[in-house]
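Visitor: A single structure is presented below for examination.
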Amino acid sequence: MAHLVAFPGVDAAAPHLHGPVQAVRPFALPQRLRRVRFPGGYVLTPDPASSDAEAARRPGPWTRLTHALIAASVFLLLPSGLQIFNAHPALYTGEVSRFDSPWMEIGARERGEAMQGYLRIGGREFDTTGVLGWSGPPGAAEKRAFPAWATLPGYRSLATGRNWHLAAAWGLGLGLTAYLVTGLAGGRLRRSLVPTRAMLAPRAVLADLAAHLTLRLPEAGGYNLLQRLAYLGVLVLVLPAMIVSGLAMSPAVHAAAPWTGDIFGGRQSARSAHFLGACLLVLFIGAHLFMLLLHKPLRRLRGMTLGERETRP
Amino acid sequence: MTASRRTWLRGLAAAGVAALVSACDRIAGDPAVRAGLRGAERLNLGLHRVLFDRRTLAREYPDSAISPDFRANGSIDPADPAYRALAAGGFADYRLVVDGLVERPLSLDLAALRALPSRSQVTRHDCVEGWSAIARWTGARLAPVLDQAGLKPEARFLVFHCFDTLDPEAGEDGRYYESIDLVDALHPQTLLAYEMNGAPLSVAHGAPVRLRVERQLGYKHAKYIRRIEAVADYSHISGGKGGFWEDRGYEWYAGI
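From first to last, the protein sequence lines are chains Z and P. For any residue, its number in this note's numbering is found by taking its place in the first sequence, counting from 1, and adding 262. FYI, this note's numbering numbers position 205 of the second sequence as 197, with every residue one higher than the one before it.
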């Protein structure tokens, strides 16, 4: 019960009013899935190797500050990036655009009386009317790749989208640099995010996978294996790759540092990587917020923003 | 839940989202907010000038990399009568004027321009929309042209006045123009290009003369150049932001 999500008031209610205790679990899984036994009877307990596991769960001021800066920047970069993407909603590989053969394209075409929005990836085409290609309020729908609710600003303005994107990029660059520098200097990154040897034992890996699949995650202890890999992947791979692929698209940066484009295989490949990286970030943020909801969301939110109280109730 | 209540709730949710989007848009598009965001542009320009060698060349490609489908953007067939008349005569009467803060104003016809020190380069053109294309550009290097005219010490920018009206509803302010500073003006790859891929520049790509200012985005590469004016400051010209697109919210420094 301890690791179930506490919806305010639900825990206090007498179980018999709600039937079995599990019924209050908001993300209830089929009974069969919940009974999965961890292979070899392995029990998930706090990792003894990380004695400061609890401390790792209590983010310090640097983590909270840089997390806020990175989160706010990404929150602005994603929709303003989609606004920029809408100016030319097609992706290519290599150095230049071969306009007749994008690997991905969003568009709209007349289909009888109505307009149809489509997403084409490789040779496959999907009807995305109302969301991608063709969207808007009834009677005022328009041809646009991503819909108004997903772009910053909502109306079409490449100039405004660029203003926001290029300003917010500074927030991400500075926030991520500060996070990585303070995290490496204080050893916090290595302690709380680099997987321990014990975690990488095949049995422990399987147990961690099973725990995630069944959403039965241990409450105590530091970050588990999948969490560590996800956070580490975003912090040292995806976000830096977003910055480098973004810089690669700058003609001035490319002139001075052509490697920024070359490591992706050309400017248009870098633009594709930038878009795919943004998709990965959206997936990560979705999972990140979902996991937050699963376990004491308000206390976690407080811990990452204002800071947690030293003594717990 | 009844169907009518569901419809009502759905309407409420849609109205809520619409209100949120429009509130965001008001903030996002507010001129003062956007002016604040443009602080990043000064930061980028400053950083690029400090970090990168001013003479750094944009990458040049082999002829095999030339794009078969180089797209033309902005004006592609100017309707302006003065331009139409020149085009009808094969640009025989074309004169490129160089004036403003110069010691010796110039008026060059195409033969004179072709007689000046030239350069040919295969470079990548990056449109602000996101696409790229490669072409060979041949033209007079801008630096020797400026030497010939003799820039006065107070000259800090070059303004490129163009033949084409891109926004007819804006009247005189709908005329295309651009500006660059002297760092870009004196860069060895900055050309007054009159040939593309070995042939005279086509009308769609800016005949008879367009600017090549490698290391910046496509909208800085003014097409249909009529006059180059050396100025100390461009705030008195058209919308005052240094270019047609700059007057419409785009960055003056388009190196990123």
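Ideal Cβ placement from N, Cα and C applies to all residues, glycine included.
1) With 16 as the cutoff for other CB atoms within 10 Å, does Z/Arg296 come out buried or exposed?
2) So, is P/Val205 buried or exposed, given that buried needs 16 or more other C-beta atoms within 10 angstroms?
3) Could you pull the DSSP bridge partners for P/Val151 from this structure?
4) My guess is that Z/Arg490 and Z/Val443 are in contact by the Cβ rule of under 8 Å, so how many angstroms apart are they, rounded?
5) What is the rounded straight-line gap between the Cα of P/Gly38 and the Cα of P/Gly247?
6) Could you name the residues of the same chain whose beta carbon sits closer than 7 Å to that of Z/Leu509, not counting the 5 residues immediately before and after it, in chain order?
7) Kindly indicate which residue of P/Glu170, P/Cys154 and P/Tyr226 has the alpha-carbon position closest to the one of P/Tyr211.
8) Closer than 8 Å, Cβ to Cβ, to anything on chain Z: give me those residues from the segment 105 to 127 of chain P, in chain order.
9) How far does the beta strand (DSSP E) with Z/Gln378 in it extend, from its first residue to its last?
10) May I ask you to verify whether the segment 20 to 38 of chain P touches the segment 425 to 435 of chain Z, counting CB pairs closer than 8 Å and requiring at least 3?
11) P/Arg26 touches chain C at which residues, Cβ-Cβ below 8 Å?
12) Consider the Cβ of Z/Pro559: report whether some Cβ of chain P lies at a distance smaller than 8 Å.
13) From the DSSP secondary-structure annotation, give me the bridge partner or partners of P/Trp129.
14) Going by alpha carbons, who is nearest to P/Asn65 out of Z/His350, Z/Arg326 and Z/Thr328?
15) Taking only beta-carbon atoms, is P/Asp85 less than 8 Å away from chain Z?
16) Considering only their Cβ atoms, is the gap separating Z/Ala517 from P/Leu12 smaller than 8 Å?
17) Any chance you could list the alpha helix (DSSP H) runs of at least 4 consecutive residues sitting entirely within the segment 511 to 546 of chain Z, in chain order?
18) What residues of chain P sit near Z/Val242, judged by a beta carbon separation below 7 Å?
19) On the three-state DSSP scale, how would you describe Z/Thr391?
20) Can you find the residues in the same chain that come closer than 7 Å, C-beta to C-beta, to P/Phe155, ignoring five residues on each side of it along the sequence?
21) Which residues in chain P have a C-beta closer than 8 Å to the C-beta of Z/Ser419? List them in chain order.
22) Between Z/Gly379 and Z/Ala370, is the Cβ-Cβ spacing less than 8 Å?
23) Does the distance from the C-beta atom of P/Val25 to that of P/Ala147 stay below 8 Å?
24) What does a CB cutoff of less than 8 Å around P/Pro180 pick up in its chain, not counting 5 residues either side in sequence?
25) Under the assumption that P/Gly141 contacts P/Val201 (Cβ atoms under 8 Å), give the Cβ distance between them as a whole number of angstroms.
26) Do the segment 324 to 339 of chain Z and the segment 358 to 374 of chain Z meet, that is, are 3 or more Cβ pairs less than 8 Å apart?
27) Taking C-beta pairs closer than 9 Å, name the residues in chain P that Z/Ile547 reaches, listed in chain order.
28) Beta carbons nearer than 9 Å to chain Z: which residues of the segment 194 to 207 of chain P have them?
29) If the criterion is Cβ atoms closer than 8 Å, does the pair Z/Gly527 and Z/Thr355 meet it?
30) Are the C-beta atoms of Z/Pro270 and some chain P residue less than 8 Å apart?
31) Under 8 Å between C-beta atoms, does Z/His350 make it to chain P?
32) What does P/Glu33 reach in chain Z if we use C-beta pairs closer than 9 Å?
33) By the three-class DSSP mapping on this structure, what secondary structure does Z/Ser454 have?
34) Taking 6 Å as the limit between beta carbons, can you name the residues of its chain near Z/Tyr304, skipping five residues before and five after?
35) I need the straight-line Cα distance from Z/Arg562 to Z/Arg453, nearest angstrom please.
36) Let me know if P/His197 comes out buried or exposed under the rule of 16 or more other beta-carbons within 10 Å of its beta-carbon.
Guide: With the given structure in hand:
1) Mapped onto the first sequence, residue 296 of chain Z falls at position 34. The pLDDT assigned to Z/Arg296 is 41, lower than 50, so where the model puts this residue is not dependable, and the model offers no usable value.
2) Your numbering for residue 205 of chain P matches position 213 in the second sequence. Per the 10 Å Cβ criterion, buried.
3) What you label residue 151 of chain P is simply residue 159 of the second sequence in a count that begins at 1. In the DSSP secondary-structure assignment, P/Val151 is bridged to P/Ser171 and P/Glu221.
4) The sequence position of residue 490 of chain Z within the first sequence is 228, counting from 1. The sequence position of residue 443 of chain Z within the first sequence is 181, counting from 1. About 20 Å separates the CB atoms of Z/Arg490 and Z/Val443; that is not less than 8 Å, and the two are not in contact.
5) Your numbering for residue 38 of chain P matches position 46 in the second sequence. Your numbering for residue 247 of chain P matches position 255 in the second sequence. P/Gly38 and P/Gly247 have their C-alpha atoms some 11 Å from each other.
6) Here the question's residue 509 of chain Z lines up with position 247 in the first sequence. So the list reads Val515 and Thr522, once near-sequence residues are dropped.
7) The residue given as residue 211 of chain P occupies position 219 in the second sequence. Checked all of P/Glu170, P/Cys154 and P/Tyr226; the closest Cα to P/Tyr211 is P/Glu170.
8) The segment 105 to 127 of chain P vs chain Z, Cβ under 8 Å: Arg116, Asp118, Cys119, Val120, Glu121, Gly122, Trp123, Ser124, Ala125 and Ile126.
9) Position 116 of the first sequence, counted from the start, is the residue given in the question as residue 378 of chain Z. Residue range Ala376 to Ile383 is occupied by the beta strand (DSSP E) that includes Z/Gln378.
10) Yes, the segment 20 to 38 of chain P touches the segment 425 to 435 of chain Z.
11) Chain labels in this structure do not include chain C; the protein chains are Z and P.
12) Here residue 559 of chain Z refers to the residue found at position 297 when the first sequence is read from its first residue. No, its Cβ sits nowhere closer than 8 Å to a Cβ of chain P.
13) By one-based count along the second sequence, residue 129 of chain P stands at place 137. According to DSSP, which records beta bridges pairwise, P/Trp129 is partnered with P/Gln113 and P/Met188.
14) On the second sequence, position 73 is the one that residue 65 of chain P refers to. With distances taken between Cα atoms, P/Asn65 lies closest to Z/His350.
15) Here residue 85 of chain P refers to the residue found at position 93 of the second sequence. For P/Asp85, the answer is no, since every Cβ of chain Z falls outside 8 Å of its Cβ.
16) Locating residue 12 of chain P in the second sequence gives position 20, counting from the first residue. Locating residue 517 of chain Z in the first sequence gives position 255, counting from the first residue. Contact: no.
17) As far as the segment 511 to 546 of chain Z is concerned, its whole alpha helix (DSSP H) runs of at least 4 residues are 513 to 518 and 521 to 524.
18) Not covered by the structure: residue 242 of chain Z. The range shown for chain Z is 263 to 575.
19) Stepping through the first sequence from its first residue, residue 391 of chain Z is reached at position 129. Coil at Z/Thr391, not helix or strand.
20) Taking the second sequence and counting its residues from 1, the one referred to as residue 155 of chain P is at position 163. The residues are Pro70, Asp72, Ala74, Tyr75, Tyr216 and Arg218.
21) Position 157 of the first sequence, counted from the start, is the residue given in the question as residue 419 of chain Z. When 8 Å is used as the limit between beta carbons, Z/Ser419 is near these residues of chain P: Gly21 and Gly241, in chain order.
22) Position 117 of the first sequence, counting from 1, holds the residue named residue 379 of chain Z. Position 108 of the first sequence, counting from 1, holds the residue named residue 370 of chain Z. Yes. Within cutoff.
23) Position 33 of the second sequence, counted from the first residue, corresponds to residue 25 of chain P. Position 155 of the second sequence, counted from the first residue, corresponds to residue 147 of chain P. No.
24) One-based indexing of the second sequence puts residue 180 of chain P at position 188. Closer than 8 Å at the Cβ level, and outside the excluded window around P/Pro180, lie Arg47, Leu49, Arg111, Arg133 and Ala135.
25) The count along the second sequence starts at 1 and reaches residue 141 of chain P at position 149. The count along the second sequence starts at 1 and reaches residue 201 of chain P at position 209. Before going on, a small fix: residue 141 of chain P reads as Ala here, not Gly. Between P/Val201 and P/Ala141 the Cβ distance is about 15 Å, and since that is not below 8 Å, they are no contact.
26) The segment 324 to 339 of chain Z is not in contact with the segment 358 to 374 of chain Z.
27) Looking up residue 547 of chain Z in the first sequence gives position 285. None at all; the shortest Cβ gap to chain P is about 18 Å.
28) Flagged, chain order: Glu206 and Arg207.
29) Here the question's residue 527 of chain Z lines up with position 265 in the first sequence. Here the question's residue 355 of chain Z lines up with position 93 in the first sequence. Cβ distance < 8 Å, so Z/Gly527 and Z/Thr355 count as in contact.
30) Translated into the one-based positions of the first sequence, residue 270 of chain Z becomes position 8. Model confidence at Z/Pro270 stands at a pLDDT of 37, short of 50, so the residue's coordinates are unreliable; what they give is reported in the following sentence. Under the Cβ distance rule, Z/Pro270 does not count among the residues neighbouring chain P, no pair being separated by less than 8 Å.
31) Looking up residue 350 of chain Z in the first sequence gives position 88. Among the CB atoms of chain P, one or more fall inside 8 Å of the CB of Z/His350.
32) As a working note, residue 33 of chain P is residue 41 in the second sequence. Taking a Cβ-Cβ cut-off of 9 Å, the neighbours of P/Glu33 in chain Z comprise Asn425, Leu428 and Ala429, given in sequence order.
33) Here the question's residue 454 of chain Z lines up with position 192 in the first sequence. Z/Ser454 falls in the helix class under three-state DSSP.
34) One-based indexing of the first sequence puts residue 304 of chain Z at position 42. With a pLDDT of 40 at Z/Tyr304, under the threshold of 50, the modelled position of that residue is not reliable, and the figure given next carries that caveat. Sequence-distant partners of Z/Tyr304 (beyond 5 residues in either direction) whose C-beta falls short of 6 Å from its own C-beta, in its chain, are Arg465 and Ala469.
35) Residue numbering aside, residue 562 of chain Z sits at position 300 when the first sequence is read from its first letter. Residue numbering aside, residue 453 of chain Z sits at position 191 when the first sequence is read from its first letter. So the alpha carbons of these two residues sit roughly 20 Å apart.
36) Mapped onto the second sequence, residue 197 of chain P falls at position 205. Residue environment: P/His197 is assigned as buried (16 or more neighbouring CB atoms within 10 Å of its CB, all protein chains considered).
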